[in-house]
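Reviewing the structure listed below.
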């Protein structure tokens, strides 16, 4: 275990549900929250029909983005165009890259990103090589982020997944700085697939302290209720990755 690691990094450092849940940010309404949600479906057994249903729900709910695997980008982008108006897609499409382990060669991640953009993605959520973070090899992390950044057009939003449940605050901060130097627009907590856990308020606060105001912060992994979602926004997250989108939005005032 790295020095300074909490014993259970997935447990928020204050409650995200019940009587002590975060108060909704001022004037936050369902439509406002929907716009900063990445409606996500990344299970390896996901079918084309499930992607179509995901996109149908995304259009109905007014979410800003859907997040899917590279093999589902083309279908999701077609669904976004079909649901849109005046040649504008109903929502953006994000593709994961190097998912979920981050251990692929950088050249493969870059090619995966290029192909996802060719298929219609306008956002890329890339997983860093987690071992480099554990080794505190920030130069290697910055290099792979830079190569992926350069592989796609400037308008494409790049989010960098850090798997923060594995890292103490000082390493989260260093990884965020590497992402910023590499040209990312967002840093993201988690894949949601690692046994160490998903997003935590501790991690989001560390990310905001490191790069808040310059990069966006996406909380993702294990956010299942509206109080939890609101707690992450209160902590400084500017984007949420959710699979329980419909249930969460149902608990937010119209």
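Numbering (our numbering), first residue to last: 122 to 375.
Ideal Cβ placement from N, Cα and C applies to all residues, glycine included.
Task: CB contact flag (residue 162, residue 170, <8 Å) - done: no
Task: Option nearest residue 238 by Cα separation, candidates 258, 215, 221 and 354 - done: 215
- [ ] Specify whether the region 321 to 330 and the region 147 to 161 touch according to this definition: at least 3 beta carbon pairs, one from each stretch, less than 8 Å apart.
- [x] no
TODO: Could you tell me if residue 243 is buried or exposed, where buried requires 16 or more neighbouring beta carbons within 10 angstroms of its beta carbon?
DONE: buried
Task: Neighbour-count burial assignment, residue 335, 16 or more Cβ in a 10 Å radius - done: exposed
Open item on the list: Closer than 8 Å is the cut-off here; do at least three beta carbon pairs connect the region 243 to 260 with the region 201 to 208?
Closed with: no
Open item on the list: Taking a contact to mean a Cβ-Cβ separation below 8 Å, would you say residue 298 touches residue 332 in this structure?
Closed with: yes
Task: Separation of residue 256 from residue 212, as counted between CA atoms - done: 38 Å
TODO: Would you tell me roughly how many angstroms separate the C-alpha atoms of residue 168 and residue 174, rounded to the nearest one?
DONE: 10 Å
Task: Identity of the residues DSSP links to residue 311 by a beta bridge - done: Note: residue 311 sits in no beta bridge, so no partner.
Task: Residues bridged to residue 244 [DSSP beta-bridge criterion] - done: 215 and 278
Task: Euclidean distance between Cα positions of residue 275 and residue 190 - done: 21 Å
Task: residue 285 classed as buried or exposed, judged by whether at least 16 other C-beta atoms fall within 10 angstroms - done: buried
TODO: Rounded to whole angstroms, what's the CA-CA distance from residue 142 to residue 183? Just pull it up for me.
DONE: Because the pLDDT at residue 142 is just 37, under 50, the model does not fix this residue reliably, and the point stays unresolved.
Task: Three-state class that DSSP yields for residue 88 in the structure shown - done: Since the first residue of the chain shown is 122 and the last is 375, residue 88 is not available in this structure.
Open item on the list: Tell me which residue opens and which closes the alpha helix (DSSP H) that residue 321 is part of.
Closed with: Unbroken run through residue 321: none, as it is neither H nor E.
TODO: Would you identify the three-state DSSP class for residue 160, choosing helix, strand or coil?
DONE: strand
Task: Closest by C-alpha distance to residue 176, when choosing among 196, 164, 343 and 320 - done: 196
TODO: Answer yes or no: do residue 301 and residue 337 have a C-beta to C-beta separation smaller than 8 Å?
DONE: no
Open item on the list: On the criterion of 16 or more Cβ atoms from any shown chain inside 10 Å, does residue 229 qualify as buried, or is it exposed?
Closed with: exposed
- [ ] Let me know the secondary structure DSSP gives residue 341 once reduced to three states.
- [x] strand
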